[in-house]
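In this text, residue positions in the sequence shown follow numbering that gives the first Met the number 0: the first is 0, and each later residue adds one. Just so it is clear, CB atoms sit at the ideal spot from N, CA and C, and this is done for glycine as well.
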Amino acid sequence: MSTLIIRALLAGAADLGVPDSQILSGAPQATPAALPALYVAELDCVPEPGAGTRGDAALVTARVQVTAVSTGYDQTKTLLASVRRACNLQSGRIAGLDVVSVVREQTGPDVTDDAGAFRQSLDFGVTYYEAD
């Protein structure tokens, strides 16, 4: 569910510079045919026991990683800045879910793959109510 929240925020960003068709699920296994691209993957998801239970919904905190892949270092950095603007400090009703907060967490290392593509990841903490 947390990836749906991040994908909705990315799809709604006017200045993202990546078409919706290039916002992909999971972790990058190989360089995609079309660049630039973003990958969205849930790294972990933890229910908050006893905290914030609301009727038939429980408070959940997930860590979602967005990985930018492009042909150049500067473009990758620009993409991640756009991702940060689109997702950081968001809350409310997003993708049909009650979202308490989306907050930027850690940034991964700069990586260049064998095909010469540049990639870097940015993690977000996503806290929301999930139906039991």
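What three-state label does DSSP hand A40 in the structure shown? Here A40 sits in strand by DSSP.
Endpoints, alpha helix (DSSP H) assigned at T75: Its alpha helix (DSSP H) spans residues 72 to 86.
Taking one C-beta from the segment 103 to 110 and one from the segment 74 to 89 each time, how about it: are there three or more such pairs within less than 8 Å? Three or more pairs of CB atoms, one per stretch, sit closer than 8 Å, so the segment 103 to 110 contacts the segment 74 to 89.
Spatially closest choice to A29 from D73, T111, G124, D122, by CA coordinates: Residue T111 is the option with its Cα nearest to A29.
Can you tell me which of the three DSSP states D97 falls into? If DSSP states are grouped into helix, strand and coil, D97 belongs with the strands.
Is A32 helix, strand or coil when you go by DSSP? In this structure, A32 counts as coil in the three-state DSSP scheme.
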